[in-house]
Each structure stands twice: as C-alpha cells, then as structure tokens.
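Engineer:
Protein chains: 2
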Amino acid sequence: MDARTGLPVVGMVGGGQLARMTHQAAIALGQSLRVLADTVDDGAALVASDVVVGDYRSLDDLRAFARGCDVVTFDHEHVPNEHIRALVADGVVVHPGPDALQFAQDKSAMRRRLTELGVPCPRWATVASERELDEFAAATGWPVVLKASSGGYDGKGVWVVGSLAEAAEVLGSGTALIVEEKVAIVRELAVDVARSPFGQGSVWPVVETVQRDGICVEVLAPAPDLDEDTAEEAQALALRIAQELGVTGMLAVELFETADGLVVNELAMRPHNSAHWTIEGARTSQFEQHLRAVLDYPLGATSPTAPVTVMANLLGGPDDVVPKGLDERVHHLMARWPDVKIHLYGKQFRPGRKVGHVTALGDELDSVRARARAAADYLMNGDAR
Amino acid sequence: MDARTGLPVVGMVGGGQLARMTHQAAIALGQSLRVLADTVDDGAALVASDVVVGDYRSLDDLRAFARGCDVVTFDHEHVPNEHIRALVADGVVVHPGPDALQFAQDKSAMRRRLTELGVPCPRWATVASERELDEFAAATGWPVVLKASSGGYDGKGVWVVGSLAEAAEVLGSGTALIVEEKVAIVRELAVDVARSPFGQGSVWPVVETVQRDGICVEVLAPAPDLDEDTAEEAQALALRIAQELGVTGMLAVELFETADGLVVNELAMRPHNSAHWTIEGARTSQFEQHLRAVLDYPLGATSPTAPVTVMANLLGGPDDVVPKGLDERVHHLMARWPDVKIHLYGKQFRPGRKVGHVTALGDELDSVRARARAAADYLMNGDAR
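Here the protein sequences come in this chain order: G and S. Start counting the first sequence at 682; every next residue gets the next number (this note's numbering). Start counting the second sequence at 682; every next residue gets the next number (this note's numbering).
1) Quick one: any contact between the region 689-704 of chain S and the region 692-704 of chain G, if contact means 3 or more CB pairs under 8 Å?
2) Should glutamine 967(S) be flagged as near chain G, meaning a C-beta pair shorter than 8 Å?
3) Per the contact definition of three or more C-beta pairs closer than 8 Å, is the region 956-965 of chain S in contact with the region 786-800 of chain S?
4) Considering only DSSP beta bridges, list what glycine 1043(S) is partnered with.
5) Between the region 858-873 of chain S and the region 930-943 of chain S, do at least 3 Cβ pairs fall closer than 8 Å?
6) Of all the residues that make up the region 725-744 of chain G, which are near chain S by a beta-carbon distance shorter than 8 Å?
7) Helix, strand or coil for serine 830(S)? Go by DSSP, reduced to three states.
8) Does any C-beta atom of chain G lie closer than 8 Å to the C-beta of aspartate 1044(S)?
9) With 16 as the cutoff for other CB atoms within 10 Å, does proline 689(S) come out buried or exposed?
10) Please list, in chain order, all residues of the same chain as alanine 1041(G) whose beta carbon is under 6 Å from its beta carbon, the five residues on each side excluded.
11) The alpha helix (DSSP H) that contains serine 645(S), what's its start and end?
12) I'd like to know if proline 689(S) contacts chain G, where contact means its C-beta is closer than 8 Å to some C-beta of that chain.
13) Could you name the residues of chain G that isoleucine 1023(S) contacts, counting a contact when the two beta carbons are closer than 7 Å?
14) Under 8 Å Cβ to Cβ from tryptophan 958(S), same chain only, skipping five residues before and after it: list those, please.
15) Determine whether the Cβ of leucine 845(S) lies closer than 8 Å to any Cβ atom of chain G.
16) Which residues in chain S have a C-beta closer than 8 Å to the C-beta of leucine 1037(G)? List them in chain order.
17) Looking only at its chain, what residues have a beta carbon closer than 6 Å to the beta carbon of histidine 1024(G), apart from the 5 residues adjacent to it on each side?
18) Does the CB of proline 824(G) have a neighbour CB from chain S at under 8 Å?
19) Would DSSP call glutamine 783(G) helix, strand or coil?
20) According to DSSP, is leucine 798(G) part of a helix, a strand, or is it coil?
21) Grab the span of the alpha helix (DSSP H) containing asparagine 762(S) for me, first residue to last.
22) Would you call the CB atoms of glycine 882(G) and leucine 920(G) closer than 8 Å?
23) Would you kindly work out how many angstroms separate the C-alpha atoms of proline 985(S) and glutamine 970(S), rounded to a whole number?
24) Residues in the same chain with beta-carbon distance under 7 Å from glycine 997(G), minus the five sequence neighbours each way, listed in chain order, please.
25) Is alanine 700(S) helix, strand or coil by DSSP?
26) Report buried or exposed for asparagine 1062(G), applying the criterion of at least 16 other Cβ atoms within 10 angstroms of its Cβ.
27) Taking 8 Å as the limit between beta carbons, can you name the residues of its chain near valine 944(G), skipping five residues before and five after?
28) Interface residues of chain G around alanine 1055(S) at Cβ under 8 Å?
29) Going by DSSP in three states, histidine 953(G) sits in which element: helix, strand or coil?
30) Using C-beta distances below 6 Å, list every residue in its chain close to valine 898(G), excluding the 5 sequence neighbours before and after it, in chain order.
31) Give me, in chain order, the residues of the same chain whose beta-carbon lies closer than 7 Å to that of valine 975(S); leave out the 5 immediate sequence neighbours on both sides.
32) Count the other C-beta atoms from every protein chain shown that fall within 10 angstroms of the C-beta of proline 886(S), then say buried if there are 16 or more, exposed otherwise.
33) Given that a residue counts as buried once 16 or more other Cβ atoms are within 10 Å of its Cβ, and exposed if not, what is valine 721(G)?
34) Out of Gly711(S), Trp805(S), Tyr1059(S), Val1011(S), point me to the one whose CA is closest to leucine 827(S)'s CA.
35) Assuming alanine 718(S) is part of the beta strand (DSSP E), what are its boundary residues?
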C-alpha cells in the first residue's frame, strides 16, 4: 500500500508501451504504476514517476523491484519462469503466476496443454531433427511453420519453410522448436479476456486482427460479419482457457478462422495489441482491467461504446529515428481527422516497430476503417492514401 | 521539443488533479507533462516523471521551470499576473497569456470587461466601504453577494450577507471586494470551450452543475431539458467570451439560469470540474483539448459518446486523512457498479475537498445519475443511499 494514498502499488516488469498505457489507467484508480525499465528512455519510464532501472533477467533486480509492491505483473513474457517462482517463494504476489505464465513462455508446453484440454490447435510437434520435420511434413504437407518455443513476438521466431533445405539453417541453430501445419486461414481473430485470482472472468467482443508481414496492422472491433454462434464459441473458449490455465490478468487468445472452424494460434498473458481499441471503444479498457484483475478487484464492464471501433498500428518506416516533423504530422492529422484518437509510445522509430496507434470509432465499418487507415498512413509516411 | 520523442514539452504550473489528468492525456499524445508542484506529494507529482518542486509565487522558480518548455500553462489561477508578463517578456510561450488570465484572476476586471461586451451579468460594483455597500443594496435589495476580487475558489472568498452588520467583518478585512446582486437562480449551468492561439474554438454540450454549500457535487451532461435555443445561445456566448478575452486553452463559463435568461457567474481559464465528464463522455476530453489548444494544434471532436453522462465529485468527509479502507471501498464499488468509472486524485482527504470523481454513462438520466450518486456516496461514506 502507498501510505500517502491508501491504495495499492502495482509493479510492472518491462517499460514498453503496455506499461506506459497501464500507467495511464493506474492514475485514474488513484495509483502510480511502478515500472522496472531497461533504460530511463523506455516509453513508460518517460512518463511514470516510480521507475526502477534494472534487468528483468536478474533475480536480484526483480527482488529489489518487488519490495513494496502489492502485486507484480508483466509488460512482456521474457522474465525467466524460475525467477518468478523464486519471487513467489519469497512471498511476492505475482499475477499471472509462473504456472500460468509458462504456457505463454513455452509454445510446446502451451500446445501440449491446449491439446490435453481438447482446444482446437493446428497439428503440431516438437522438432529437433530433419527426420522429425520430414515425418511431420509428410503428414501435413509442405510448407510448415517452425516456431521458436520461446522468445518470439511480432513475427520474430516464426519461419514458414517449404522444404527441408529451407529449414536447415533454423534447425541447425540450436533453438528449441515446434513445428505446426500451415493452416489455410480465412482470417485471424482475437479474443481478449481478463480473469481475477478470485475467478471472475470478463470478455470483450471478438475482434479481427489484420496482419501484414506477420505484424498486426489493424484491429476491427467487433470482427465484421462474424456469426453470433462462432463469436460466442470463441469467447467461451478464451474464458475456458483462462480458467484452465489459471491465468490472472489479461489473456489474449489469437485465433485462426478456417473453413473447418477456429483454431488457437497464440496466447499472450498481458495487455495485448489486439485490445488497444478498448481504451476508447469499451467501457473498461484492457489496461484498467488488467490492473483490476491482478489486484483481485472486481472486473469492469466490457460493453462497447460505439458500434464499430478500428485501431491501426503505427509502424516505424525506413527511417531509423523519429521522423523529422513528427510534431508537424500530428498537427495535420488532428486538422484532418478531429475525431481520430492518437496514441504515441515515446519510442524510437525502427522499421516495423510499433511506435503508436490510432483509433477511430463510428457506426459504419468502411468509413471508420478508412479514417483510421488514412490517419495511420499519414502519421507514418506524411501522406494519406 | 523533447529530443527523444520529437514532440513538444508542455509545462503546467500547479500539481493538483488538473495537472494529474492532463498528464494522462499528454501520455497518449506521446508527451510527458512537466509539472511545477508545491511538494513531491501533490497529486500530479505522484504520477508524472518530469516534476519540479517550486513556488509558483517565485519568478525565479517560474523562470527555471519554463526553461525547455515549449509552452507553459496552468492548473490554477494563482500565479501572479506580473510574473506571467515577465515570462512572456523573456520569450516564454504562455497560454493562456496574462492579458486573458487577468479576467480569471480579478473579478472586478472580469465584470468590467464582460459588461463592456454586453455579456449578461448580475448587477455588480466594486465595494470598499459600508456606504458603497448600502447604496448598492438599496438598489438590488438584501441579501447581496460579496466576493473577494481574487484568490477565491469552491465557495471560498464568497459571502452572502443580509445586512451591513453581517458584512462588517469581511468589509473590514482589507480584502479587495466586489458586490453582486443575489440572483434568483433556477439552476446553474456551465459551458466549456477551448480556443487555440490560431483562433479555432470548440465547445462541448452545455451541462448543469449541481451545487451543495457552494461546491459542485454533480455535473449532468447535457443539461436536462434545456431548450435548444438557450443551449446554442450559451455555447455562442462562451465562444464569444473566449474570443473577445483572447483566451487560449480551456475556458469554463459558469452560468446562472434565471427566469429572465442566462447570466455569467464565473470564468475559469484552465481545465475545469464542470468538464471532467468529457474524459469518458466526449470524443475529446478537456485535458487533451487543453493540450491541443495551448500547443496550437487543431482541436479535437467534442461529440458526446453517450446520450447522458453524469459526473459526481468525491468530497472529503469529516476524516482528515485517507479513509481507512479506501481500497476496500474501491473494491466494493467496482463489484456493485462495474460500469462506473473511478478517478482518484492521490490527495489527502479534508472536509469538502475534491479528492476524486466518478462518472456514469447511459441512455436515461435518472438511472445514470442514481448510479453516479450512489457510487460517490459509497466511496466517501462507506454506504450507498
């Protein structure tokens, strides 16, 4: 507890945009997020008052950070699971806990557990040799998808390979891998849920996530033309996964919609890009909900605030630095799209890096999506297509 | 400009809840509000990274604070006008500027200027003696309202007096005073507008502000049953005042609705309690709009996000400290009213002090208002009436 306010202190490991936006939500709840950042220039470190600079791979740093926190949670999934277990053994309250988090840290553990639960997944196997890969592909056909068991994000750690020859380099790298069939995807969906230690669950409408080069570029909320039964099935599935895996806090379930139904692609146990639209588009944002959940507060209403919300990511272009005239572009964006909401993360621009997002809301998908798309393109490229 | 982000630095003098909530809005725009706080425990100082502790009455402190700011603005109106003039002479960009701000700092200047402009005001006069007061009251009848020309807020610096005897103490205190007729009020309204240095103006729907003991307890947005002509007249009046007075940033125009029409009660040139509802209830909040305005960015859309929004202030009760079990009360509030949004300011509780607010949104005034009222009562008193 913060003696000055009588309110709890949440510590978040990681100083990226998820911590940055969680801090915004914490302020409303009378709190101030404590952030363990890599550097003082991390997006969250630029805006939070209670920042510790340290190494999330160091148990000593984690222990020092956790002191005085009512609960410790995460902006990313890279904290070694054994360190989290050590914190719990110390008596630190950690959400999500290590037993749940392992399934977001280790794709083979995740696939094994979901398969046990009867959750629809692509066909998959762990793979360590050409022989194993060849046997797998003989059953599913080429190409197949190799994934690093841990550490991947935003398309990193994922390789679509069409032959043993194409797989040779990755197979020989010593990275622990799983292989999955390449599913024929109609589109990608996501369901974001939160679950509290008490066991309360909440779910937002199912969204469509539009990908380019393995990175999400747009989120359409709700997923257009999704039939009600499928939407309810997806929501029930995500809530069930949260419960079965003992997730506390936010859980994002990324899904493939296929001709034969839904299959689970990935899990993330933290606030997630697929739910950034909830800041304006739902009564309770995922950031507030994550705080509520990890504090074991009752969860907030998830009802949408508009018929359609579209979030478009701002992805760094070829410039390696902040685009010259970013402020000028913000100015023009505001003039042209006065209803579009801007979120900039204070990050250095790098090609493909998520440096912000914009959100548009309204009654009709095509026009809302066009506004979000044009505003994002303008902010990143200085022109609106 | 912040070299790390390519985005401007706004400095706000004053570390209260207005700065705290402006910082939340700044984060989305890629910025981090620089705050000049009285102490490290000020509500905004608890949550912002770029905090300078200093005295807003000291020109040296103001000058040091302003260094590196792209624009300096205010969380309150107590910075000496001559200091603001000195900053401007130094080349600091200040919004609102001293010529506008004087009308929020000096009630006699405000009344004089509004009267010149033909803006409806209560009958008023400056008053320094019993004789002057007696003459004024002879024309308007008793009781009359004495107001300190400067420094008042939340009912402080306002005295309703029924006779010369009742006025004696205030009159003899040496405070510069104005006197106003006691208007027969149907209800109180407020119009919040923003104006940029470029001259763009924007306005939110007219709201009703419900007062108790001179402090606003609830804001109903839009003002119930206000006829369209009166609403448009009030909006036009507020925009005209902003323009004529050269206001840059937010302007709150507090109005009395009387049997004979609208009269202006007070002006505030900063984000204002009467527009806290815009955080959830309008496409652009007053805090984002204030930042846009003082940065001379184009202004954001002000359209409402729900048919009805009600904001209820959280006012400190008899306890002088944080109520025991505030966190427990937050927990129960969330369980009972999952759609109500909480805003706590990190302030010490003192009787009558605004320590936070709650917001409810919906389709129908009575139920929305009842939810906001009950949630606020519960949070402050531990019971919901």
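Ideal placement from N, C-alpha and C gives every residue a C-beta, glycine not left out. Every value quoted in this text rests on a predicted model; they were computed, and no experiment measured them.
Structural biologist: Put simply:
1) Because the criterion of three Cβ pairs below 8 Å is not met, the region 689-704 of chain S and the region 692-704 of chain G do not touch.
2) Chain G contact via Cβ: absent.
3) Too few Cβ pairs lie closer than 8 Å, so no.
4) The partner list for glycine 1043(S) (beta bridge, DSSP) reads Val989(S).
5) Cβ pair count under 8 Å is three or more, so yes.
6) Taking 8 Å as the Cβ-Cβ cut-off against chain S, the residues of the region 725-744 of chain G that qualify are Ala726, Leu727, Val728, Ala729, Ser730, Val732.
7) The DSSP-derived three-state label of serine 830(S) is coil.
8) No - not a single Cβ of chain G is within 8 Å of the one on aspartate 1044(S).
9) Label assigned to proline 689(S): buried.
10) So the list reads Val991, Val1021, Val1049, Arg1052, Ala1053, once near-sequence residues are dropped.
11) With chain S covering 682 to 1066 only, the question about residue 645(S) has no answer from this structure.
12) Yes, proline 689(S) counts as interfacial toward chain G.
13) Result: Ala709, Leu710.
14) Val888, Val900, Ala902, Thr990, Val991, Met992, Thr1040.
15) By this cut-off, leucine 845(S) is not an interface position.
16) It should be noted that the sequence gives glycine, not leucine, for residue 1037(G). Within 8 Å of the CB of glycine 1037(G), the CB atoms of chain S belong to Gly711, in sequence order along the chain.
17) Sequence-distant partners of histidine 1024(G) (beyond 5 residues in either direction) whose C-beta falls short of 6 Å from its own C-beta, in its chain, are Gly1037, His1038.
18) No, proline 824(G) does not count as interfacial toward chain S.
19) Glutamine 783(G): helix per DSSP, three-state reduction.
20) Three-state DSSP puts leucine 798(G) in coil, outside helix and strand.
21) It spans 762-771 - the alpha helix (DSSP H) in which asparagine 762(S) sits, taken as one unbroken run.
22) Contact: yes.
23) Proline 985(S) and glutamine 970(S) have their C-alpha atoms some 14 Å from each other.
24) Counting only residues of its own chain and dropping the five nearest sequence neighbours on each side, glycine 997(G) has a CB closer than 7 Å to the CB of Phe1030, Arg1031, Pro1032, Gly1033, Arg1034, Val1036.
25) The answer is helix: DSSP assigns alanine 700(S) an H, G or I state.
26) By the neighbour-count rule (16 or more Cβ atoms within 10 Å), asparagine 1062(G) is not buried but exposed.
27) Cβ-Cβ distances below 8 Å link valine 944(G) to Pro801, Cys802, Pro803, Val864, Leu936, Phe937 in the same chain, with the five nearest sequence neighbours on each side left out; the list follows chain order.
28) Chain G residues near alanine 1055(S): none, gap ~16 Å exceeds 8 Å.
29) In the displayed model, histidine 953(G) falls within coil according to three-state DSSP, outside both helix and strand.
30) Within the same chain, and ignoring the five residues on either side of valine 898(G) in sequence, the residues whose Cβ sits closer than 6 Å to its Cβ are Val891, Asn994.
31) So the list reads Val691, Val752, Thr754, His776, Thr929, Gly930, once near-sequence residues are dropped.
32) With 16 or more Cβ atoms within 10 Å of its Cβ, proline 886(S) is classed as buried.
33) Classification of valine 721(G): exposed, given that the 10 Å Cβ count is below 16.
34) Closest option to leucine 827(S), Cα to Cα, is Trp805(S).
35) Element bounds for alanine 718(S): 715-718.
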